[in-house]
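Chains as they are written, first to last, in my numbering: chain F, 1 to 378; chain H, 379 to 643.
Worksheet: one structure, shown below.
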C-alpha cells in the first residue's frame, strides 16, 4: 500500500491554477536541491496523494508508422534520416491487431496511445479505422481506452476521430518559442507552421474532444519559459472551454542517433526537471503527467510520487516493436516490462492500474478490475 | 549617455494606421483594467497619452497620472486638450527608465503603460528595464507594453522590413489625406535629419532598435515577476504587438510572509 504521508513542512498554501506558481521557476534556489525544492516536491506528493491515493495509470504507446515527411531536426523519424537506427515501417491493419492483442493478452495493458508520424499514406481515414479497430479489440477483452498522438489536424478531422470512438488525444507544442520552433521544424508542412500547432488545442475543443494532453519538449528553448507559457496556455484553455487538459506531456530532449540536433544548452537537469513536474502538479494537481521511458526508472518513479500520473511500462517507439519485435526507435527509451516492474511500483508505495478509462476528463479506475499489481494474464 | 530620439515628425506617428490601432487597442485595455494611479513610461510629446486619456470618464477614473521621458516634454504635455484638463492630476518627471529609482518615492502604480520604449534599450539593459517597470506596479497591478516585436527573423535582420512597413503606411496616410505632403516629409525626414528614413538606416546598421521576439520579452517579464495575461498582434502591421502583464508576488515572498524566512532565500 501507499506509504504514510507526512504533513507539509510549512503552512504555505499552493493555490491550484495560480499563475504565480510559475514564477518559482526563476527562483535562484529552484532546482538546486535545497529547501525550496524539498517544499515543492513534498507539497506535490501530498497534493497528488490527496487526489489520487497513489494510483498510477498504465498506458502504452503503439507506433503505427515511422514513415514521415517532417524534418524535425531532433527526431530520428525525420524525412532526411537514411536509416540510422531506424526501419521505416507502416503497420498493416492485421499487424496492428497483432500488436494490440499482444499488449492486452500478454501485458495486460488496456489504455493504448496510437502514435503516428506524418505519413502521407496514413491520413485521418486510416486513423479512424485504427481507432475503431482497437476499440473493437479492447471491447472483446472487457474494455479500455484509445487515444492518438499525431500531427495537428483540422476541426473536421478531429470530429471524425471523436465519432470513431477516440477517448483522448495528446499533442505536444514542442516549444512556445516561435523562432526556435521554426528553426527546428523546417519545411512547408502543417507542422512547420507554429500558429497551426498552437491553435490545434482550440480546434480539438471546437470538435467536441474534451480529454486532451498538452505538453512541451523540454530543451528546445528556455525550459523555464516554456514551462511557464505551458501553464499560461492551460489557464487560457480552462478559462475558454471550462475544462483544462487532462494529460501533461513531459518529454525531455534526448539525443537520437539520426537526429541533427542531439543536445542544446537548454535541457533541464534531473533535479530541475523533477521540480518542474512537481511545480506543475501544484499548479494543476488533477492533470496526469505522462511519464515515459525516455527517463530512467528511478526518475520516473520519483516523479510519480503520490500517484496521479500516466505511467509507461512496456515501451517501444518503432511500429511493430512489441509482438513483431521490430528494431529501431524514434528516440532511445527503456522498457519496463509490466509483469516485472508493476510489483516494484507497489513496493515503492504506488498502485499501478491497468484497467481504467477517462470519464469527463478524469482518469477512472474500472470497478471490475482494481489493480492487483499487474493486469497481465500469467 | 542615453538620449531622447524625439523629433518633430514623431508627433505624426499616430497617422500611421498600425500605430493608430496600437493606441486604440491600448485605450480599450486601459479602460478595462482597475486602478486609479497610472504611470506612462516614455510619454514623448504626449500624443499617445492624449488619445489614451481622451474620454471624459478619465477625469473620474484617474487620481494620479505620472509621465516620464528622457526629454523634457512638460510644456508639450500641457498643450494637449484632454491632458490639460487633467493638470491637477498629471505630473511629469524627466528621467531615464533605467535610472528611475526616483519613482520609488511616488509609491506603487496600478497600471504602467510603456509604448515604443523597450525596442530602443540595449539587450544588456532590457532585463533591468523590465525590473524597473515591474517594481513600479503594485502586486496585482498591470503593465501594458506596446512595441515592435518582429514576427519573422531575429534581432535586426528585419529592421528594413519593420521600417519599410512604417514608410508604406506613411505614404498611405498621405494618400487618404490623414497627413499633408509637408507632414509626410517631417515624418520621413530626408535620411540625414531625424525621421523614419534615418531610423531605418540606423536600425539596419545596428546602432538602434534592439528588437526581441515576444517570447524573449515574456521571458524577461516572467523573471521580473510578471505573468502574461494577453498578447495581441497588430493586424495592420504584424511586427507590432500589445502585451499585458500582471505583477505577481513571488512564491519566495509569499512563503516568507506565511512562515518566516526560508533558508537560503
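Note that beta-carbon positions come from the ideal geometry of N, C-alpha and C, so glycine has one too.
Of all C-beta pairs linking the region 267-281 of chain F to the region 36-50 of chain F, three or more are shorter than 8 Å, placing the two stretches in contact. Residue 252(F) is bridged by DSSP to 218(F).
For the pair of segments examined, the region 39-58 of chain F was found not to touch the region 78-98 of chain F: the number of CB pairs separated by less than 8 Å stays below three. Chain-ordered, the chain F residues with CB closer than 8 Å to the CB of residue 600(H) read 22, 23, 25, 26, 224, 225, 228. Residues of the region 415-438 of chain H whose Cβ lies closer than 9 Å to any Cβ of chain F: none. Scanning the region 551-633 of chain H for uninterrupted beta strand (DSSP E) segments of 3 residues or longer gives 604-611, 618-625, listed from N- to C-terminal end. Nothing from the region 187-208 of chain F brings a Cβ to less than 7 Å from some Cβ of chain H. 292(F) is the residue among 320(F), 236(F), 292(F) whose C-alpha sits nearest the C-alpha of residue 313(F). Chain-order list of chain H residues neighbouring residue 253(F): empty, with the shortest C-beta distance near 18 Å, by a criterion of under 9 Å. Counting C-beta pairs with one atom in each stretch, the region 71-89 of chain F and the region 195-209 of chain F have fewer than three that are closer than 8 Å, which means they do not touch. Taking 3 residues as the shortest admissible run, the region 19-87 of chain F contains the following complete beta strand (DSSP E) segments, listed from N- to C-terminal end: 55-65. Per the coordinates, the alpha-carbon of residue 346(F) lies some 7 Å from the alpha-carbon of residue 352(F). Residues 424, 427, 428, 431, 455, 468 of the same chain have their beta carbon placed closer than 7 Å to that of residue 461(H), with the five preceding and five following residues left out of the count. Around the Cβ of residue 163(F), a 10 Å sphere holds fewer than 16 other Cβ atoms; the residue is exposed.
According to the DSSP assignment, residue 266(F) belongs to no alpha helix (DSSP H), since it is labelled neither H nor E.
Here the alpha carbons of residue 70(F) and residue 414(H) stand approximately 52 Å from one another. Spanning the alpha carbons of residue 101(F) and residue 287(F) requires a straight line of approximately 29 Å.
Annotation for residue 352(F): the continuous beta strand (DSSP E) segment containing it runs 351-353. Contacts with chain F at 7 Å (Cβ-Cβ) do not include residue 573(H). With a threshold of 7 Å between beta carbons, residue 595(H) makes no contact with chain F. A distance below 7 Å between beta-carbons, with the five flanking residues on each side excluded, links residue 120(F) to the following residues of its chain, in chain order: 69.
Taking a C-beta cut-off of 9 Å against chain F, the contacting residues of the region 605-628 of chain H are 605, 606, 607, 624, 626, 627, 628, listed in chain order.
By the C-beta density criterion, residue 570(H) is exposed, having fewer than 16 other C-beta atoms within 10 angstroms. For residue 232(F), the chain H residues whose C-beta falls within less than 8 Å of its own C-beta are 605, 606, listed in chain order.
Between the region 497-511 of chain H and the region 387-397 of chain H there are fewer than three C-beta pairs closer than 8 Å, too few to call the two in contact. Only residues of its own chain outside the window of five on either side were considered, and among them 411, 489, 622, 623, 624 have a CB closer than 7 Å to the CB of residue 520(H), listed in chain order. For residue 140(F), the enclosing alpha helix (DSSP H) stretches over residues 124-140. Counting the other Cβ atoms within 10 Å of the Cβ of residue 322(F) gives 16 or more, which makes it buried.
By the neighbour-count criterion, in which a residue is buried when 16 or more other Cβ atoms sit within 10 angstroms of its Cβ, residue 52(F) is buried. With a threshold of 7 Å between beta carbons, residue 591(H) makes contact with chain F.
Residue 284(F) is not bridged by DSSP to any residue. In the DSSP assignment, residue 107(F) falls outside any beta strand (DSSP E) and carries neither an H nor an E.
Between residue 112(F) and residue 89(F), the CB-CB gap reaches or exceeds 7 Å. Look at residue 289(F) here: in three-state DSSP terms it is strand. Beyond the five residues adjoining it in sequence on each side, residue 561(H) comes within less than 6 Å, by CB distance, of 390 in the same chain, given in chain order. Take the alpha-carbon of residue 160(F) and the one of residue 361(F): they are about 19 Å apart.
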